[in-house]
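Novice: Quick one: the structure is below, questions incoming.
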Amino acid sequence: MTQNSASSPAHVAIIGGGPAGLMAAEVLSQAGIRVDLYDGMPSVGRKFLLAGVGGMNITHSEAYPAFLSRYAERAPQIAPLLRGFDADALCQWIHDLGIETFIGSSGRVFPTDMKAAPLLRAWLKRLRDSGVVIHTRHRWLGWDEHGALRIDSPEGEITVKPDATLLALGGGSWSRLGSDGAWMLPLEQHGVGLAPLQPSNCGFEVQAWSDLMVSKFAGAPLKNIAIGLNDDIPRLGECVITATGIEGSLIYALSAPIRESINQYGAAVIHIDLLPGRPVDKLQTALSKPRGSRSMAKHLHSQVGIDGVKAALLRELTDAATFADPALLARAIKALPLTLVKTRPLDEAISSAGGVTFEAMDERLMLKALPGVFCAGEMLDWEAPTGGYLLTGCFASGRAAGLGIVQWLKS
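1 is the number of the first residue of the sequence shown in UniProt numbering; add one for each residue after it.
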């Protein structure tokens, strides 16, 4: 570690210009520490901006116990980070940037204009005004034999030896925006504990759809349904049929247990309730009514309101005997089994699971194998569903790592 004189400020290098890296830069600059931030892309915050294209869902307003539960088995490790910077603190921070927020009907929190760009512009101005120097098109390559950071810049390779380093390099999804997981190798070479990167908030594939499903219904939304895995209570929501399987917000919410079931058993069976508001006995009664000369498709439409993609899915996943028996058909409508056999590729996923394990770090998010090197953001081994939980976790971990660096430098 480079030693500073009493008169010169400590110097920290941050690798990665996403929410975690930028938040750490803010904490460090406010503490009077000199910060250089390096990002391999032509501009910072690219994944943050793309995530906000359909409406910048920044966090969620639900009560803390439910909020924390979204981090599943990593909730004990995420809890200390959220105690330092929870959803309310994040909203206040946004307001301090001059950006107002509102709570949507789902409880999700958005900037008033629903855009990420104004927030990022205001944030970058504040960082630059505080002295943070941002270097774009600077890609981290690892360390040299002297422990200096190797960085590929437009002028060629340079080396930097700061007093501390923060790695905030994202996960392994959306590589075109810089999150390509290439950081795994140099960390592995230095003995850092890593969990394999896997898709999270992702779509899944079926063994094969029929030609009819692909040609007529790929891209069709399944609305007002519920999906359950194993004996869990089905969740309400919507998703989309794809040419290879199924994806969308309801599937993303269940992606972790679906993925782990596939990892363990080779497949996962979800059950789709096509009519969550209708009890099975009422459906059976309606379907038992004589249909006369009407086709089964018209009977389904007139008696229970099933048509289009829901009717096609029902045909796809049941046999003739089920369609001929009102009791069996009613049960199929309430729990239609769909077998999923694999995730879509990691690079298509909204986020990734795996990365630097919490066991590889101390409570300050410093790597035990590399003193003075800290990690934050999506490159840590945690995952959360969409809905603002991912971003909140990234912001909170960046702030915690920044405070950890300040503490370590002082000690």
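Ideal Cβ positions, reconstructed from N, Cα and C, are used throughout, including at glycine.
(1) Please return the same chain residues whose Cβ sits closer than 7 Å to the Cβ of leucine 82, not counting the five positions on each side in sequence.
(2) Can you check whether the CB of isoleucine 58 is closer than 8 Å to the CB of glycine 388?
(3) Can you name, in chain order, every residue of its own chain whose Cβ lies under 7 Å from the Cβ of alanine 6, other than the five neighbours on each side?
(4) Could you pull the start and end residues of the beta strand (DSSP E) that glutamine 207 belongs to?
(5) Which word fits asparagine 4, buried or exposed, when buried means at least 16 other C-beta atoms lie within 10 angstroms of its C-beta?
(6) Where does phenylalanine 85 sit, in a helix, a strand or coil, going by DSSP?
(7) Could you round the C-beta distance between leucine 338 and isoleucine 272 to whole angstroms and report it? I think they count as a contact, below 8 Å.
(8) Identify the continuous alpha helix (DSSP H) that holds glutamate 157 and give its terminal residues.
(9) DSSP on serine 261, reduced to helix/strand/coil?
(10) Specify, as a first and last residue, the run of the alpha helix (DSSP H) that histidine 135 falls within.
(11) Should the stretch 17 to 35 be called in touch with the stretch 131 to 146, which here means at least 3 C-beta pairs below 8 Å?
(12) Between which two residues does the beta strand (DSSP E) holding arginine 235 run?
(13) Can you find the residues in the same chain that come closer than 7 Å, C-beta to C-beta, to alanine 268, ignoring five residues on each side of it along the sequence?
(14) State the Cα-Cα distance for the pair proline 199 and alanine 10, rounded to the nearest angstrom.
(15) List the residues that DSSP assigns as beta-bridge partners of serine 200.
(16) Take the Cβ of threonine 343 as the centre, count every other Cβ of all protein chains shown within 10 Å, and call the residue buried at 16 or more, exposed below.
(17) Using the three-state DSSP reduction, which class does tryptophan 143 fall into: helix, strand or coil?
(18) Select from Leu390, Leu313 and Leu317 the residue whose C-alpha is nearest the C-alpha of isoleucine 78.
(19) Pull up the distance between the alpha-carbon of leucine 399 and that of glycine 193, whole angstroms please.
(20) Grouping DSSP H, G and I as helix and E and B as strand, with all else coil, what is serine 153?
(21) Would you kindly report the start and end of the unbroken alpha helix (DSSP H) that includes proline 337?
(22) Among Asp347, Ala369 and Lys334, whose alpha-carbon lies nearest the alpha-carbon of lysine 282?
(23) Cβ of glutamate 378 within 8 Å of Cβ of cysteine 394?
(24) So is arginine 294 buried or exposed if we call it buried at 16+ other beta carbons inside 10 Å?
(25) Can you pull the DSSP bridge partners for serine 165?
(26) Which residue's Cα is closest to the Cα of glutamate 238: Ile225, Arg150, Ser351 and Ser29?
(27) Mapping DSSP to helix, strand and coil, what is leucine 274?
(28) Can you check which of these residues, Thr322, Gly277, Ala195 and Gly354, is closest to glutamate 288 by C-alpha distance?
(29) Glutamine 92 to glycine 404, Cα distance in whole Å?
(30) Indicate whether alanine 31 and isoleucine 14 have their beta-carbon atoms separated by less than 8 Å.
(31) With DSSP as the reference, label threonine 285 as helix, strand or coil.
(32) What span of residues does the beta strand (DSSP E) with phenylalanine 110 cover, start to end?
(33) Can we say the stretch 366 to 377 touches the stretch 210 to 224, given the rule of at least three CB pairs closer than 8 Å?
(34) Relative to the alpha-carbon of lysine 115, which residue among Ala164, Ala66, His95 and Gly55 has its alpha-carbon at the smallest distance?
Specialist: Taking the structure as given:
(1) Within its own chain, the residues whose Cβ lies closer than 7 Å to the Cβ of leucine 82, once the five positions on either side in sequence are excluded, are Leu68 and Ala396, listed in chain order.
(2) A contact, by the Cβ cut-off of 8 Å.
(3) The predicted position of alanine 6 is uncertain, since its pLDDT is 47 and thus under 50; a value taken from the coordinates is nonetheless stated next. So the list is empty, once near-sequence residues are dropped.
(4) For glutamine 207, there is no enclosing beta strand (DSSP E), as DSSP marks it with neither H nor E.
(5) Model confidence at asparagine 4 stands at a pLDDT of 43, short of 50, so the residue's coordinates are unreliable; what they give is reported in the following sentence. Asparagine 4 comes out exposed.
(6) Phenylalanine 85 falls in the coil class under three-state DSSP.
(7) Their Cβ separation, rounded to whole angstroms, is 6 Å, which keeps leucine 338 and isoleucine 272 in contact under 8 Å.
(8) In the DSSP assignment, glutamate 157 falls outside any alpha helix (DSSP H) and within the unbroken beta strand (DSSP E) covering 156 to 160.
(9) Serine 261 falls in the helix class under three-state DSSP.
(10) That residue, histidine 135, is in no alpha helix (DSSP H); its beta strand (DSSP E) goes 133 to 136.
(11) Touching, per the Cβ criterion.
(12) Residues 235 to 241.
(13) Contacts found: Leu229, Ile258, Ser261, Ile262 and Leu340.
(14) Each residue's Cα considered, the two are about 38 Å apart.
(15) Beta-bridge pairing links serine 200 to Ser351.
(16) Buried, because 16 or more other Cβ atoms sit within 10 Å of the Cβ of threonine 343.
(17) Tryptophan 143 falls in the strand class under three-state DSSP.
(18) It is Leu390.
(19) Inspection of the sequence shows that residue 399 is occupied by arginine rather than by leucine. Between arginine 399 and glycine 193, the C-alpha separation is close to 22 Å.
(20) DSSP places serine 153 within a strand segment (E or B) once states are collapsed to three.
(21) Note, proline 337: premise wrong, no alpha helix (DSSP H); beta strand (DSSP E) at 336 to 340.
(22) Out of Asp347, Ala369 and Lys334, Lys334 has the C-alpha closest to the C-alpha of lysine 282.
(23) Between glutamate 378 and cysteine 394, the C-beta gap is smaller than 8 Å, which places the two residues in contact.
(24) Under this definition arginine 294 is an exposed residue.
(25) For clarity, residue 165 is threonine in the given sequence; the question names serine instead. Paired residue(s): Ala13 and Val373.
(26) Selected option, being the one with the closest Cα: Ile225.
(27) Here leucine 274 sits in coil by DSSP.
(28) Reading off the sequence shown, one finds serine at residue 288, where the question assumed glutamate. Answer by Cα proximity: Thr322.
(29) Computed Cα separation, rounded: 22 Å.
(30) Not a contact, by the Cβ cut-off of 8 Å.
(31) Correct three-state label for threonine 285: helix.
(32) In the DSSP assignment, phenylalanine 110 falls within the unbroken beta strand (DSSP E) covering 108 to 111.
(33) Verdict: no, contact absent.
(34) Of all alpha-carbon atoms in Ala164, Ala66, His95 and Gly55, the one lying nearest the alpha-carbon of lysine 115 is that of Gly55.
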